[in-house]
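The structure appears below as structure tokens.
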Amino acid sequence: MRLGCWCVLLLLFVSVASAGRDVDSGSNDTGRNPAPEDSHHQTNSTHHKKAFPVLSFNFDHVRKPFEISLWILLALLMKLGFHIIPRVSHVVPESCLLIVVGLLVGGIIKAFDEDAPVQMLDSKFFFLYLLPPIILDAGYFLPMRPFTENLGTILVFAVVGTLWNAFFIGLTMYGVCQIEAVKLGRVDLLSCLLFGSIVSAVDPVAVLAVFEEIHINELLHILVFGESLLNDAVTVVLYHLFTEFSHKGTVTVADAFLGVVSFFVVSLGGILIGAIYGIIGAFTSRFTSHSRVIEPLFVFLYSYMAYLSAEVFHLSGIMSLIACGVVMRPYVEANISHKSYTTIKYFLKMWSSVSETLIFIFLGVSTVAQPHPWNWTFVVVTVVVCFVSRVLGVVSLTYIINKFRIVKLTKKDQFIVAYGGLRGAIAFSLGFLLPDNEMKQLFLTAIITVIFYTVFVQGMTIRPLVELLAVKKKKESKGSINEEIHTQFLDHLLTGIEDICGHYGHHHWKDKLNRFNKAYVKKWLITGERSTEPQLISFYNKMEMKQAMMLVESGSAAKLPTIMTPVSMQNIQPKEPLKRRAIPSISKSREQEIRKMLRGNLQKTRQRLRSYSRHDLMVDPFEEDVSEVRLRKQRVEMERRMSHYLTVPANRQETPPVRKVAFESEHQVYTYDDSESPKGRRAQTNPRPPDEVHLLSESSTRTNQRATPADEQDDQLKLSRCLSDPGPKKDDDES
Amino acid sequence: MGALQSAPAQPEYRDLADKTGFSYEQIGVLHKRFKQLSHNEPTLRRDHFSAIPDLACNPIRAQIIEAFFDRRNYRQNNEGKVEEISFEEFLVVMSHFRPPSMNMTDEQRESIRKEKLRFLFNMHDTDNDGTITLQEYRHVVEELLSRSGALGKETAKSIADAAMLEVASISMGHMEPDEFYEGITFEHFLKLLKGFEIESKMNIRFLNMDTTTLCK
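Read top to bottom, the protein sequences are chains A and B. Numbered according to UniProt numbering, the first sequence terminates at residue 735, and the numbering increases by one at each position without gaps. Numbered according to UniProt numbering, the second sequence terminates at residue 216, and the numbering increases by one at each position without gaps.
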């Protein structure tokens with residue numbers, strides 16, 4: 001039944017697409033010959049008076065955006081659809097399914113309209129629009145710690161490995177072509193080398209798509225993924241090199257030397273451009289405190305400009321994009337609001353997801369569109385040689401690398417790295433850019449076959465292999481404050497030990513860079529007081545914020561928030577018997593009163609109306625940003641408040657803001673505010689979001705009621721007895 | 001740098017190599033460094049360590065130096081502090097930072113993990129009582145934040161408290177309101193840092209060749 005829906009969808013789409021094309025050609029005709037027909041029309045009009053067109057059809061007007069949107073919609077519906085059929089999506093990676101869909105759609109379009117140009121994966125479109133979001137998403141969220149720790153290994157794989165692959169494949173294919181039986185004697189060495197260089201590069205899109213689903217451990221993920229990102233420089237250089245050479249015809253030593261030089265120029269130049277744009281972006285974000293809405297745009301645009309600028313000079317756009325994201329990120333994140341951070345994250349994920357889906361579908365469609373001169377020997381040998389060269393390359397390089405690594409790569413790791421070398425759409429697009437000669441179609445066929453082989457066969461089998469070999473999976477990271485403390489502690493410890501040993505190793509330089517960063521760079525690029533905030537504190541603040549939000553969100557949910565652990569501060573504080581407060585018992589009726597009161601207040605706040613303006617962000621207490629200083633103070637205050645909730649000391653030296661809730665005999669609640677603390681003042685000015693959780697407490701001696709975050713469960717109150725005093729309460733809206 | 005000392009006799013190195021697992025070249029390099037630090041005296045004292053200029057900007061400098069003089073790190077199950085250490089003890093402490101070799105069984109890996117975590121534990125547990133109390137943990141966090149010109153002791157306290165809460169909830173599960181969590185014992189510490197993969201993180205590269213040292 002579901003399959004039926006899909007088929008209907010596909011058919012619908014295809015018919016619209018081809019109908020669009022017909023109408024387009026039709027309306028073009030009428031558009032093109034108005035003049036000679038004018039007289040005809042006039043005579044016609046005298047004969048038939050045309051009625052006023054109530055409903056007219058003018059598809060040409062919106063054709064292009066309509067088709068684009070339809071394609072994207074189709075891609076996303078497919079993506080949705082896969083998860084409805086759980087069995088299939090568990091076995092087959094999404095990328096394969098998308099390619100199959102592309103094949104189907106392409107086949108159907110071709111069947112409808114034999115000579116319809118179904119060339120979707122236009123190289124320009126691919127490189128300028130489809131690829132950058134994926135790379136930016138990858139680069140911006142690149143986990144820096146494992147990346148820098150393994151940078152040497154990644155570079156060796158990316159540069160040396162790709163070079164080895166390119167030459168091995170090229171030379172082998174040339175050798176194969178020389179064999180009489182293959183009938184491909186016209187292929188010259190340079191074309192083969194060009195072919196080798198195109199098909200040798202591991203593709204980041206395919207790697208991402210497949211590895212995302214298998215959740216292997218961080219080290220392997222970053223090795224394969226980092227390699228796929230950094231080999232772009234090599235690919236660019238080799239590609240241009242061999243294209244130039246095949247034009248010129250002869251190669252001299254000077255040319256080869258220039259090739260090596262150009263490699264450094266391409267990669268370092270790309271990184272430099274990216275870094276410059278990154279710094280400018282970070283600097284810009286320093287001043288965006290008054291226009292939070294456009295903050296994410298700066299990140300996107302600066303990164304895209306970095307990519308385009310690098311492409312202008314034929315430098316490596318991918319490396320530029322990654323450098324920009326990596327450089328920008330720590331400073332931008334310190335400057336922008338929490339909402340902008342979320343926006344950036346989700347937009348990047350969204351765009352990259354759409355791009356990835358489109359790429360795979362178009363790959364499928366374009367496969368159908370090509371004529372495929374099929375030469376069994378060539379294609380099969382290509383596939384085999386690719387695999388062999390990858391394995392050989394990885395094994396021999398690992399042997400050398402392991403001499404320099406502290407944590408060696410095991411055989412299992414090597415296998416996964418070799419097996420994860422997937423080829424993808426970049427190879428296809430590069431092949432498409434080849435000059436039109438007789439070999440182009442054959443090369444394209446071979447490239448497509450390799451791509452299909454790696455994505456389908458290797459992509460599908462890697463998951464069971466990972467299970468079979470019991471490769472370590474990604475550990476669930478829960479953001480533990482202890483681990484963060486110990487990470488920092490270890491950093492300093494290892495730096496100290498290196499200093500004692502007397503050799504300047506990895507940690508020493510990292511420490512020096514950090515200190516330089518803190519002393520000079522951060523002052524320039526981060527606003528206000530955040531520039532001096534140490535990392536441990538930012539981490540702690542982030543965690544507290546997260547927990548606070550969880551608390552707020554779950555205020556109306558049924559389940560208990562996880563921070564309400566059964567262990568509380570009074571369990572770990574040293575006992576001070578004098579200050580221990582007796583937990584009083586409340587009568588049942590009082591309990592009911594309290595609960596009803598809380599419930600009433602909660603509902604009341606929800607009904608508050610707000611005036612709506614499209615350009616305003618809702619002001620919410622987490623980031624009221626009238627001034628930076630206030631924001632910082634508020635953050636600290638907020639963190640203190642939250643930490644009080646978690647970690648209230650038994651002794652109350654710091655007076656919490658006093659907002660007393662006194663219960664009279666009736667159901668009236670008097671609240672009086674007798675504090676001059678800034679919290680009291682702020683209470684009047686802060687509008688609260690409707691589902692704000694109230695933490696009420698008071699310190700009066702009379703009625704020692706305790707209230708918990710408004711939660712409508714009965715055992716909530718019981719649990720509150722086990723918890724310590726919630727501490728200073730949040731302001732409520734009864735001001 | 002001093003006169004070229006004749007390398008200690010091979011049997012001496014062999015003992016040390018067996019005990020600590022370093023190679024002869026590494027021991028030679030470290031011996032050279034030891035002599036450099038101690039100005040050719042046979043023992044190192046705390047002020048020799050304090051004289052290392054690079055160490056001056058390290059926030060946990062005091063604890064690192066103390067770790068060298070802590071008998072618990074000499075693998076002889078002693079306790080207490082000493083005032084000066086010989087090359088052998090220097091080497092034993094350094095050996096805690098050796099990476100695990102490739103072909104180790106899981107048990108060996110596990111014991112190396114325990115050893116490294118024990119080293120860390122000893123660094124935190126300054127009063128030798130076998131538990132890390134809240135005070136000691138607070139001290140750790142304060143030291144970490146000390147060089148950073150932080151927002152003061154308040155934040156350090158909150159962070160340490162939150163961390164302690166986390167340990168308690170991981171190790172003890174549920175606790176009654178009047179139970180008291182004494183402190184982090186070594187078992188709890190192990191449990192806490194179970195996912196931390198310390199055997200791959202707490203390593204430095206010991207060189208086989210002598211690189212000219214620029215720090216005095």
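Ideal Cβ placement from N, Cα and C applies to all residues, glycine included.
DSSP-derived helix/strand/coil call for B/Glu-84
strand
Got a sec: is the Cβ-Cβ distance from B/Met-104 to anything in chain A below 8 Å?
no
Should A/Ser-285 and A/Phe-300 be called a contact, given that it needs their Cβ atoms to be closer than 8 Å?
no
Spatial distance of A/Leu-434 from A/Phe-126 (CA atoms)
15 Å
Listing by chain order, which chain B residues have their CB less than 8 Å from the CB of A/Phe-415?
Residues of chain B passing the Cβ test: none, with the nearest at roughly 16 Å.
Along the chain, where does the alpha helix (DSSP H) containing A/Pro-65 start, and where does it finish?
63-82
Between the Cα of A/Lys-403 and those of B/Glu-166, B/Ser-101 and B/Ser-95, spot the shortest distance and give me the residue it belongs to.
B/Ser-101
Taking 8 Å as the CB-CB limit, is B/Pro-59 close to chain A?
yes
List, in chain order, every chain B residue whose beta-carbon is nearer than 7 Å to that of A/Thr-495.
Asn-58
For the alpha helix (DSSP H) holding A/His-221, just list the boundary residues, first then last.
218-248
Buried or exposed for A/Met-350, please, with buried defined as at least 16 other CB atoms from any protein chain shown within 10 angstroms of its CB.
exposed
Can you tell me where the alpha helix (DSSP H) holding A/Asp-137 begins and where it ends?
131-140
So, helix, strand or coil for B/Arg-45, using DSSP?
strand
Measure the Cβ-Cβ separation of A/Thr-382 and A/Gly-106 and say whether it is below 8 Å.
no
Partner residues on chain A for B/Gly-195, Cβ-Cβ distance less than 7 Å
Lys-475
Between B/Gln-36 and B/Arg-45, what straight-line distance do the alpha-carbon atoms span, to the nearest angstrom?
13 Å
Between which two residues does the alpha helix (DSSP H) holding B/Phe-180 run?
Careful: B/Phe-180 lies outside any alpha helix (DSSP H) and carries neither H nor E.
Have a look at A/Thr-461 and A/Val-391 and give me their C-alpha separation to the nearest angstrom.
16 Å
Identify the contact partners of A/Ser-480 in chain B, using a Cβ-Cβ distance below 7 Å as the criterion.
Glu-166
Any chain B beta carbon closer than 8 Å to A/His-221
no
Mind checking who A/Lys-473 pairs with in its DSSP beta bridge?
A/Ile-216
When you check each C-beta in the stretch 86-115 of chain B against every C-beta of chain C, which residues fall closer than 8 Å?
Protein chains A and B are contained in the structure displayed, whereas chain C is not.
Bridge partner(s) assigned by DSSP for B/Asp-70:
B/Lys-81
Whole angstroms are fine: how far does the CA of A/His-338 sit from the CA of A/Asp-620?
Annotation note: pLDDT 48 at A/Asp-620 (below 50); position unreliable, coordinate value reported separately. Answer to the nearest angstrom: the Cα atoms are 11 Å apart.
Does A/Ile-85 come out as helix, strand or coil in the three-state DSSP assignment?
coil
Please confirm if A/Phe-489 has its CB atom under 8 Å from at least one CB of chain B.
yes
What residue range is occupied by the uninterrupted alpha helix (DSSP H) comprising A/Met-543?
535-553
Three-pair Cβ contact test at 8 Å for the stretch 435-449 of chain A versus the stretch 357-376 of chain A
yes
Which residue or residues does DSSP assign as beta-bridge partners of B/Ile-132?
B/Ile-184
N-terminal and C-terminal residue of the alpha helix (DSSP H) that A/Lys-345 is part of
338-369
In chain B, which residues lie less than 8 Å from A/Tyr-540 when you measure between Cβ atoms?
Thr-155, Ser-158, Ile-159 and Ala-162
Specify the secondary structure class of A/Asp-122 as computed by DSSP and reduced to three states.
coil
Cβ-based neighbour list, A/His-507, same chain, cut-off 6 Å, excluding 5 preceding and 5 following:
Leu-494, Thr-495 and Glu-498
What residues in the stretch 399-411 of chain A bring their beta carbon closer than 7 Å to a beta carbon of chain B?
Ile-406, Val-407 and Lys-408
With DSSP run on the structure shown, which of helix, strand or coil describes B/Arg-14?
helix
Sequence-distant residues of the same chain with beta carbon closer than 6 Å to A/Ala-519, five excluded per side
none
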